[in-house]
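> So that you can map any letter, position 2 of the sequence shown is 1 in numbering that gives the first Met the number 0, and since no number is skipped, the others follow by simple counting.
Think of the CB as a built atom: it goes at the ideal place given N, C-alpha and C, for glycine as much as any other residue.
Structure provided below as structure tokens; questions to follow.
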Amino acid sequence: MLHTMSTTPEPAAERSADEVNEEIRALWFRSGGTLSMDERREYQRLVMEWAAASPRPIQAA
């Protein structure tokens, strides 16, 4: 039987803002408060994911 590997990533399941925030906190903890270049890229990606997952405030008209 031949198995093929997809070259396109599967969409990640959406996580809550709390879940992403926990990962951000863990990243800072593991880094000891100083992020490497790779960790900065990961942090930026996580912040964008967190912002997308955060509830939007309702604005009055």
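Per DSSP, what kind of secondary structure is ILE57 in: helix, strand or coil?
In the sequence shown, residue 57 corresponds to position 58, counting from 1. Three-state result, ILE57: coil.
> Nearest-angstrom Cα distance between GLU21 and ALA51?
Stepping through the sequence shown from its first residue, residue 21 is reached at position 22. Stepping through the sequence shown from its first residue, residue 51 is reached at position 52. Answer to the nearest angstrom: the Cα atoms are 15 Å apart.
> What residue does the alpha helix (DSSP H) around GLU41 start on, and which one ends it?
Position 42 of the sequence shown, counting from 1, holds the residue named residue 41. Start and end: 36-52.
> CA-CA distance, ARG44 and ALA59?
Here residue 44 is taken as the residue at index 45 of the sequence shown, counted from 1. Here residue 59 is taken as the residue at index 60 of the sequence shown, counted from 1. When rounded, the distance between both Cα atoms is 31 Å.
> Report the residue from ARG14, PRO54, ILE23 whose alpha carbon sits nearest the alpha carbon of VAL46.
Taking the first residue of the sequence shown as 1, we reach residue 46 at position 47. Comparing Cα positions, the closest option is ILE23.
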